[in-house]
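**Student:**
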Amino acid sequence: MKFAHLVSVGLFALIAAVSPAHEKVYTAFLSGPAEAPPNDSLGTGFATVTFDLDLFTMRIQANFSGLTGNVTNAHIHAATAVAGVGTAGVATQTPTFTGFPAGGTSGTYDHTFDMTSAASYNAAYITANGGTISTAFDAFELAMDSGKAYLNIHSTYKSGGEIRGFLTPIPEPSAYGLFAGVAGLAFVISRRRR
Ligand SMILES: [Cu+2]
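FYI, the numbering for the sequence shown is 0 to 193, going by numbering that gives the first Met the number 0.
1) Can you find the residues in the same chain that come closer than 8 Å, C-beta to C-beta, to S116, ignoring five residues on each side of it along the sequence?
2) By how many angstroms is the C-alpha of L52 removed from the C-alpha of A46?
3) With distances taken Cα to Cα, identify the nearest neighbour of G159 among G102, N38 and Y25.
4) If we ignore side chains and look at the alpha-carbon of each, how far apart do L166 and Y108 end up?
5) Is the segment 88-98 in contact with the segment 59-77, if contact means three or more CB pairs nearer than 8 Å?
6) Would Y124 and A135 qualify as a contact pair, given that the criterion is a beta-carbon distance under 9 Å?
7) What do you reckon, is the C-beta of V89 under 8 Å from a heavy atom of ligand 1?
8) From the DSSP output, which residues share a beta bridge with L29?
9) Roughly how far, in whole angstroms, is the beta-carbon of A90 from the beta-carbon of T79, given that I think they are within contact range, below 8 Å?
10) For N62, which of A82, E34 and T26 has the nearest alpha-carbon?
11) On the premise that Y156 lies in contact with G44, defined as a C-beta separation below 8 Å, what is that separation, rounded to the nearest angstrom?
12) Taking Y108 as part of the alpha helix (DSSP H), name the residues at either end of that continuous run.
13) Could you compute how far the alpha carbon of E208 sits from the alpha carbon of V24?
14) If we ignore side chains and look at the alpha-carbon of each, how far apart do P168 and Y120 end up?
15) Could you tell me if the beta carbon of G194 falls within a distance shorter than 8 Å of some heavy atom in ligand 1?
16) Return the Cβ separation of T56 and D113 in integer angstroms, given the expectation that the two are a contact with Cβ distance under 8 Å.
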């Protein structure tokens, strides 16, 4: 085996060892004008949702501030008919995410849900999407991938939702970039050794 081959095999092994779990990440900015119908809330928020498709978990990280009303509940609605607009029923745990900060106008949240548990879904969502947790998760993932799911924070000011945002997928780190880098390094090493 040539030295350059050894280097590339070693780098590939290193990349495999350090590459993250099989994750999909989605983010959303939350606001009143993004609600349906839009409202005049000056509150804002940001949410990050991470699926771990090896562990079948969903981590929800959110922060929000400046709401007009006090938070009553929060969850993800899906799937709207068209990406980025309209309304849909609740897909995730009802009436609200476990431990979501209620009663105030600001807060932070970080919780990981077991998506193999029926409790992580709205029961009606499972029923409407194939009747099993597996089919419900597939439908939910598709809705998230296609921009048809939104995180909604309800409050005493707007019971239908004071701030919300449609979750959109964050592109995964480019595997091609890593491959190109390794191939380029191997090429340079092989030339230097000629
Ligand atoms: Cu809601």
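All residues carry an ideal CB built from backbone N, CA and C; glycine is no exception.
**Tutor:** The short version:
1) Taking the first residue of the sequence shown as position 1, residue 116 is located at position 117. Closer than 8 Å at the Cβ level, and outside the excluded window around S116, lie I132.
2) Numbered from 1 along the sequence shown, position 47 holds the residue referred to as residue 46. Numbered from 1 along the sequence shown, position 53 holds the residue referred to as residue 52. Annotation: A46 to L52 spans about 19 Å, alpha carbon to alpha carbon.
3) The residue you call residue 159 lines up with position 160 of the sequence shown. Ranking G102, N38 and Y25 by Cα distance to G159 puts N38 first.
4) Residue 166 sits at position 167 when you count from the first residue of the sequence shown. Residue 108 sits at position 109 when you count from the first residue of the sequence shown. Their Cα atoms are separated by approximately 16 Å.
5) The segment 88-98 is in contact with the segment 59-77.
6) Counting from one through the sequence shown, the residue named residue 124 turns up at place 125. Counting from one through the sequence shown, the residue named residue 135 turns up at place 136. Cβ atoms of Y124 and A135: closer than 9 Å.
7) Position 90 of the sequence shown, counted from the first residue, corresponds to residue 89. It does: the Cβ of V89 is within 8 Å (strictly closer) of some heavy atom of ligand 1.
8) The count along the sequence shown starts at 1 and reaches residue 29 at position 30. For L29, which the question treats as bridged, DSSP gives the partners G44.
9) Counting from one through the sequence shown, the residue named residue 90 turns up at place 91. Counting from one through the sequence shown, the residue named residue 79 turns up at place 80. Contact flag wrong, Cβ pair sits at about 11 Å.
10) Your numbering for residue 62 matches position 63 in the sequence shown. Among A82, E34 and T26, the Cα nearest to that of N62 is on T26.
11) For the purposes of this step, residue 44 is identified with residue 45 of the sequence shown, where counting begins at 1. For the purposes of this step, residue 156 is identified with residue 157 of the sequence shown, where counting begins at 1. Between Y156 and G44 the Cβ distance is about 14 Å, and since that is not below 8 Å, they are no contact.
12) Residue 108 sits at position 109 when you count from the first residue of the sequence shown. Judged by DSSP secondary structure, Y108 falls outside any alpha helix (DSSP H) and instead within the beta strand (DSSP E) spanning G106 to D113.
13) Within the shown structure, residues of the chain are numbered from 0 to 193, placing residue 208 beyond reach of any answer.
14) In the sequence shown, the residue the question calls residue 168 occupies position 169. In the sequence shown, the residue the question calls residue 120 occupies position 121. Computed Cα separation, rounded: 20 Å.
15) Because residue 194 is not part of the residues shown, which for the chain are 0 to 193, the question remains open.
16) Here residue 56 refers to the residue found at position 57 of the sequence shown. Here residue 113 refers to the residue found at position 114 of the sequence shown. T56 to D113, Cβ: 6 Å. Contact.
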